[in-house]
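In my numbering, the protein residues as written are 4 to 517. In this text, a Cβ means the ideal position worked out from N, Cα and C, and glycines have one as well. Just so we're clear, the structure is a prediction, and the values are computed from it rather than from any experiment. Have a look at the structure below, then the notes.
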Amino acid sequence: MKFLIVDDSYDDRLVTRRYLSQEFGQNIDIKQACAPDEALELLAQETFDCILLDLHYGSSNGYSLLESIKGKDGELPTAVVVMTGSGSEEAAVSSLKLGAHDYITKSSLNGAVLRKVVEYALNCYNLRQELKTRQEDLERINQELNHKDKLKTNFVASASHELRTPVAAMLGLLEMLEGTELDAQQSQLVTDLRACSDSLLLTVDDIIDLARVEAGIMETRPYPFHLVDEIQESLRPLRVLARDKKLILESHIPDEMSPWRMGDRRRIRQILNNLVGNAIKYTERGRVDVKVEESNNNHVIFSVSDTGIGISEKDRKRIFEPFFQADQHDETGKSSGLGLTTCVNLIKALNGELTVESEPGEGSTFQFSIPLPSIQPPAVKCPDFVKKKANKNEHLHVLLAEDNTIISNVLQAQLEKANYTVYVAHDGAEALEILKREHVDVILMDCQMPNVDGYEATRIIRQELELKLPVIALTADAFQSQRERCLECGMDDILVKPLSANELDEYLTNIRLK
Ligand code: ADP
4 MKFLIVDDSY
14 DDRLVTRRYL
24 SQEFGQNIDI
34 KQACAPDEAL
44 ELLAQETFDC
54 ILLDLHYGSS
64 NGYSLLESIK
74 GKDGELPTAV
84 VVMTGSGSEE
94 AAVSSLKLGA
104 HDYITKSSLN
114 GAVLRKVVEY
124 ALNCYNLRQE
134 LKTRQEDLER
144 INQELNHKDK
154 LKTNFVASAS
164 HELRTPVAAM
174 LGLLEMLEGT
184 ELDAQQSQLV
194 TDLRACSDSL
204 LLTVDDIIDL
214 ARVEAGIMET
224 RPYPFHLVDE
234 IQESLRPLRV
244 LARDKKLILE
254 SHIPDEMSPW
264 RMGDRRRIRQ
274 ILNNLVGNAI
284 KYTERGRVDV
294 KVEESNNNHV
304 IFSVSDTGIG
314 ISEKDRKRIF
324 EPFFQADQHD
334 ETGKSSGLGL
344 TTCVNLIKAL
354 NGELTVESEP
364 GEGSTFQFSI
374 PLPSIQPPAV
384 KCPDFVKKKA
394 NKNEHLHVLL
404 AEDNTIISNV
414 LQAQLEKANY
424 TVYVAHDGAE
434 ALEILKREHV
444 DVILMDCQMP
454 NVDGYEATRI
464 IRQELELKLP
474 VIALTADAFQ
484 SQRERCLECG
494 MDDILVKPLS
504 ANELDEYLTN
514 IRLK
């Protein structure tokens, strides 16, 4: 063990040295310094296990040594015991604040006390070192986790894009196919294919949502919407399923309920789709009822009841877990066990809670209440745009910038069928070229494209070309972060793929050009 005694008194150094040898054996290495400067020189050449430091010198003091050897992290590089004269407790406390590990008054110095103090200082030093290592480990783990979180978030964003884009293309192609002449068998095949694609899109959305929740990035997007229309729209495809199973599907919405609300209509639709879809899936006979009621504090209560197989008490505790499926059923093969988990997460993101009541053999009722403040009907559907022309029959020139050929073909066909003039660009650079040549009223801009992407192209349109025409993002990812990014670079709104021909036409009809 190596000690450094720093003291300007020869006698004190001698006494300290003697007690150290007596307590720690003859094999210890003891160096001495008469002043802090000398100690610094020694410390620059070698390391010590413990410094015994007198505080008072002629022109300097021991604090300066503590200050000089302290590391950037405020820690001393070795155990330090401060030696003070009697009555100097205050000085001792100051040195402890500077990082010294213990102190001893010279008047009470003897072998046993010195041993105790040195051992305590060494322990204290070792513990602080261990703490420091642990803190560094924690810091590193934290950084790794943040990095992984970021990777995960990026993965979710790109998975969302990569998975939804081809499904969007498939749905568009099917819509085009439906518009052609088909015999009865082909028509049935297309209908079935469409049902499969719809359910694939739902599952993809559920998986993406689960990943979003795990990555802590579940987002909602409040927007003015017509609650009654939205519910009827959500139920439309489900009515077909109910009819196929000869079930009655009814909605109950009080007439006096104010229909215009501020909320995330897409999320509400997703929740109803899952709950009503389940109610139909797990009911063989009877009915499914969707009830909507006004509640306190701008809340709306949604209940979905069925007269189906019900859920046992044991299963009720687990149905909200990811991938849980009660073992008794689902011959449809359409289950992923994710639907209710998604509902729980979405409802939570909308500041509500999902509850269930059920009687096996009698049926189930799923209920949630979320804040949906009632609002005045919006004057125009796209309030961001200033009203001017846009008569439905007026010939609108649309620039479509989309790198996925299938999607751009589908959109082009949909638009041309609805009488729009369409210019197609396969990346942002091509879009900018077309803008220089042609008169364009509105741009539908994909975000991720090669060469110049949609964000950069929009920035150039706004800042360099100084054009004010509406630029609408076309994206497979409809979440707040994406929306903010689009608005930040100068786009006016975002449209989420897949889009039916009707949705697209209705949207463009509602755009009032500057
Ligand atoms: P799944 O894809 O299996 O329907 P969900 O998460 O939507 O996944 O539901 C989980 C389980 O909860 C289902 O497998 C089913 O056992 C049960 N369940 C959900 N809704 C109902 C319902 N309305 N009636 C009976 N059982 C239901």
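Tell me, to the nearest whole angstrom, how far the beta carbon of residue i is from that of residue j; I am working on the premise that it is less than 8 angstroms.
i: Leu438; j: Leu477; result: The Cβ separation is near 16 angstroms, so there is no contact.
i: Ala479; j: Ser163; result: 6 angstroms
i: Thr81; j: Tyr123; result: About 14 angstroms separates the two Cβ atoms, so there is no contact after all.
i: Thr19; j: Leu55; result: 6 angstroms
i: Val443; j: Leu375; result: Actually they do not touch by this definition, with Cβ atoms about 37 angstroms apart.
i: Leu435; j: Ala460; result: 6 angstroms
i: Leu196; j: Leu213; result: Going by Cβ atoms, the distance from Leu196 to Leu213 rounds to 26 angstroms, so no, they are not a contact pair.
i: Leu522; j: Cys199; result: Beyond the ends of the chain as shown, which are 4 and 517, falls residue 522; an answer cannot be given.
i: Gly340; j: Pro325; result: 7 angstroms
i: Asn348; j: Met221; result: 6 angstroms
i: Ile464; j: Asp496; result: No, Ile464 and Asp496 are not in contact; Cβ-Cβ is about 15 angstroms, not under 8 angstroms.
i: Val291; j: Asp318; result: About 19 angstroms separates the two Cβ atoms, so there is no contact after all.
i: Leu399; j: Ile373; result: Actually they do not touch by this definition, with Cβ atoms about 37 angstroms apart.
With a CB to CB cut of under 7 angstroms and the five nearest residues on each side skipped, what residues in its chain are close to residue i?
i: Val231; result: Ile256 and Pro262
i: Gln132; result: none
i: Ala95; result: Val85, Thr87 and Tyr106
i: Asp449; result: Ala404, Glu405, Asp406, Gly457 and Leu477
i: Asn396; result: Residue placement at Asn396 cannot be trusted, given a pLDDT of 48 that sits under 50; what the coordinates show is reported in the next sentence. Excluding positions up to five away in sequence, the list is empty.
i: Lys73; result: Leu79 and Gly102
i: Arg118; result: Glu26
i: Ala42; result: Leu7, Val9, Ala36 and Leu68
i: Val216; result: Asn348
i: Arg2; result: This structure cannot speak to residue 2, because the chain is shown only from 4 to 517.
Using the DSSP secondary-structure output, state which residues sit across from residue i in a beta bridge.
i: Gly266; result: Tyr226
i: Asn64; result: His59
i: Arg290; result: Ile251
i: Val474; result: Ile446
i: Phe426; result: It is Tyr, not Phe, that sits at residue 426 in the sequence shown. Paired residue(s): Leu402.
i: Val307; result: Val293 and Phe369
i: Thr108; result: Thr87
i: His302; result: Pro374
i: Asp496; result: Ile475
Please return the same chain residues whose Cβ sits closer than 8 angstroms to the Cβ of residue i, not counting the five positions on each side in sequence.
i: Ile322; result: Ile314, Ala329, Leu343 and Val359
i: Glu259; result: none
i: Glu419; result: Val425
i: Ser24; result: Ile31 and Ile33
For residue i, does the count of other Cβ atoms within 10 angstroms reach 16, so buried, or fall short, so exposed?
i: Gly65; result: buried
i: Val413; result: buried
i: Ala282; result: buried
i: Gly355; result: buried
i: Asp299; result: Reading off the sequence shown, one finds Asn at residue 299, where the question assumed Asp. Per the 10 Å Cβ criterion, exposed.
i: Ser367; result: buried
i: Ala47; result: exposed
i: His150; result: exposed
i: Lys284; result: buried
i: Leu79; result: buried
i: Ile234; result: buried
i: Ala245; result: buried
i: Pro386; result: Residue placement at Pro386 is flagged as unreliable, the pLDDT there being 35, under the threshold of 50; a coordinate-derived value is accordingly withheld.
i: His104; result: buried
i: Asn394; result: With a pLDDT of only 49 at Asn394, under the threshold of 50, the placement of this residue in the model should not be trusted; the figure read from the coordinates follows. So Asn394 ends up on the exposed side.
i: Asn276; result: buried
i: Lys500; result: buried
i: Phe2; result: In this structure the chain extends from 4 to 517, so residue 2 is not present and cannot be described.
i: Asp14; result: exposed
i: Tyr226; result: exposed
i: Pro380; result: exposed
i: Leu148; result: exposed
Excluding the 5 residues preceding and the 5 following residue i in the sequence, name in chain order all residues of the same chain whose CB lies nearer than 6 angstroms to its CB.
i: Glu528; result: No answer is possible for residue 528: it lies beyond the span of the chain, which begins at 4 and ends at 517.
i: Leu502; result: none
i: Arg16; result: Ile8, Asp10 and Gln35
i: Cys492; result: Tyr458, Thr461 and Arg462
i: Glu297; result: Met260
i: Leu1; result: There is simply no residue 1 to check, as the chain begins at 4 and stops at 517 in what is shown.
i: Ala432; result: Asn454 and Val455
i: Leu252; result: Arg242, Ala245 and Val291
i: Leu357; result: Cys346, Val347, Ile350 and Phe371
In chain order, which continuous runs of the beta strand (DSSP E) of length 3 or greater are located wholly inside the stretch 337-368?
-> Taking only runs of at least 3 residues, the beta strand (DSSP E) segments lying wholly in the stretch 337-368 are 357-362.
What residue ranges within the stretch 6-91 form continuous alpha helix (DSSP H) runs of no fewer than 4 residues, ordered along the chain?
-> The stretch 6-91 contains these whole alpha helix (DSSP H) runs: 13-27, 39-48 and 65-72.
Whole beta strand (DSSP E) elements within the stretch 114-173, 3-residue minimum = With a minimum length of 3 residues, no continuous beta strand (DSSP E) run stays inside the stretch 114-173.
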